[in-house]
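Beneath this line is the structure, given in structure tokens, with notes to follow.
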Amino acid sequence: MPVELMVTTPLPGAGAGGYGNRTVCITGAGGFIASWLVKLLLRRGYTVRGTLRNPDDPKNAHLRELDGAVDRLVLLRADLLDPVSLEAAFRGCDGVFHTACPVTDDPEKVVEPAVKGTQNVIHAAADVGVRRVVFTSSIGAVYMNPNRNPDEVVDETCWSDLEYCKNTKNWYCYGKTAAERGAWDAAAERGVDMVSVNPAVVVGPLLQPTVNASTAHVAKYLTGSARTYVNAAQAYVHVRDVAEAHVRVYESPGARGRYLCAESTLHRGELCRILTKLFPEYSVTNRCKDEANPPKKGYKFSNQRLQELGIEFTPVRQCLYETVKSLQEKGLLPVLS
Ligand SMILES: NC(=O)c1ccc[n+]([C@@H]2O[C@H](COP(=O)([O-])OP(=O)(O)OC[C@H]3O[C@@H](n4cnc5c(N)ncnc54)[C@H](OP(=O)(O)O)[C@@H]3O)[C@@H](O)[C@H]2O)c1
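With the first letter of the sequence shown counted as 1, position 146 gets the number 1228 in my numbering; the numbers rise by one all the way through.
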């Protein structure tokens, strides 16, 4: 199966007269999703500014190797908590893709950069006249609500309950929900044209040299560090599809509101079974941590709005295959015979 960039349906607006000659900025450009977004935007002819907290850190070197980077990628130092650095990065840009956010459940690390950082991004974009902001939210801002009917399909009208996130110590979901709510309010107040993409657990090949939280979620079953799997189900999506979703909502003049980005929902046991079938040489656990209860179902998510924009989602089995091959190719997972 191919591990290279493959856009299934041609994106609208590419080339001369389209969006491809514009300048856009991506916050947190060295991250897992952002790196793919930079790659795709460069491929489409954009001039790209990427913000990094430390442009000299070797972990960001892969960005300079991307096709088109020499001529059309500029890396700038910026921190979400420093509005002046954001304004400098956004000045002259047609669009901003705000992807930067720590992916952790540590409230000390996630809440302020998520909430205050996103406010800073919206205000900086408004101050320098950015045309559209695409905000990378999460399905963590969508489904966390104890009163939700588990049989109902979750769509863009659904919101996570902040109190529930707090009470269950889901600080990442809390941060993303508060950040997205605050972003919509600030965008309305400042007249910023904002669109959000709300991805499920993102997997697929890595461009960056280190494992990020969502690929670690797969890697831990192959390294043997997870001796059991939890009784939980989650939705997954391919990183290329997430990057493409960002570009499509940016380039579609009629795009509005939230776009859920999820392929399909899997119980963790099913994920382990798929990994075992694809890669039988690893000892992937087949034991659930919770032997007392039936398997939890997990929500089904509607990806209808992105399908209407032309996204063809990669099946989750291929997502998992490409994740593991990439971890092997990058030396992040031993290749067993
Ligand atoms: N991966 C998923 O499964 C998933 C699912 C749904 C939504 N998302 C969202 O997608 C976005 C990217 O996630 P990812 O998985 O690609 O994460 P990642 O690889 O961990 O990258 C996160 C990026 O955020 C940057 N960052 C963190 N705090 C910052 C701050 N104070 N100022 C500036 N930059 C900061 C990091 O920069 P440093 O390198 O300097 O730390 C890093 O580049 C996040 O908004 C996340 O919430 C991810």
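In this text, a Cβ means the ideal position worked out from N, Cα and C, and glycines have one as well.
Residue i in three-state terms, based on DSSP
| i | result |
| --- | --- |
| Cys1240 | coil |
| Pro1189 | helix |
| Asp1164 | coil |
| Ala1098 | Low local confidence applies: a pLDDT of 37 at Ala1098 is under 50, so the model's placement there is unreliable, with the coordinate-based value given in what follows. The answer is coil: DSSP assigns Ala1098 none of H, G, I, E or B. |
| Asn1142 | helix |
| Leu1124 | helix |
| Gln1316 | strand |
| Tyr1403 | helix |
| Gly1177 | strand |
| Val1398 | helix |
| Tyr1254 | helix |
| Val1210 | coil |
| Arg1159 | strand |
| Ile1221 | helix |
| Val1442 | Here the chain comprises residues numbered 1083 to 1419, so residue 1442 is not present and cannot be evaluated. |
| Val1284 | strand |
| Tyr1332 | helix |
| Asp1027 | This structure cannot speak to residue 1027, because the chain is shown only from 1083 to 1419. |
| Phe1361 | coil |
| Tyr1311 | strand |
| Gly1264 | helix |
| Ile1204 | helix |
| Gly1199 | helix |
| Arg1369 | coil |
| Ile1356 | helix |
| Ile1115 | helix |
8 Å contact criterion, which residue i and residue j should meet: CB distance rounded
| i | j | result |
| --- | --- | --- |
| Leu1148 | Lys1121 | 5 Å |
| Val1283 | His1299 | 6 Å |
| Pro1291 | Lys1412 | 7 Å |
| Ala1206 | Pro1232 | That pair is no contact at about 40 Å. |
| Glu1271 | Arg1387 | Going by Cβ atoms, the distance from Glu1271 to Arg1387 rounds to 25 Å, so no, they are not a contact pair. |
| Ser1419 | Glu1373 | About 33 Å; that fails the 8 Å criterion. |
| Asn1054 | Val1224 | Because residue 1054 is not part of the residues shown, which for the chain are 1083 to 1419, the question remains open. |
Residue i beta carbon near ligand 1 (any heavy atom closer than 7 Å)
| i | result |
| --- | --- |
| Lys1371 | no |
| Cys1107 | no |
| Arg1032 | This structure does not reach residue 1032, given that the chain is present from 1083 up to 1419, and the question cannot be answered. |
Any non-hydrogen atom of ligand 2 closer than 7 Å to residue i Cβ
| i | result |
| --- | --- |
| Ala1314 | Only ligand 1 can be found as ligands here, which leaves ligand 2 out of the picture. |
Legend entry - Cβ pair count under 8 Å reaching 3, the segment 1274-1282 against the segment 1132-1139: no
Legend entry - the segment 1299-1311 touching the segment 1191-1211, judged by at least three CB pairs closer than 8 Å: no
Inset, instruction - Report yes or no: do three or more beta-carbon pairs, one from the segment 1103-1115 and one from the segment 1180-1187, lie closer than 8 Å? - result: yes
Legend entry - Three CB pairs or more closer than 8 Å across the segment 1358-1369 and the segment 1323-1342: no
Legend entry - Inter-stretch contact at 8 Å, needing at least 3 Cβ pairs: the segment 1250-1264 / the segment 1376-1385: no
Legend entry - Closer than 5 Å: residues whose CB approaches a heavy atom of ligand 1: Gly1110, Gly1112, Gly1113, Phe1114, Ile1115, Arg1135, Asp1161, Leu1162, Thr1181, Ala1182, Cys1183, Pro1184, Val1185, Pro1195, Thr1218, Ser1220, Pro1281, Val1283, Val1284, Asn1294, Ser1296
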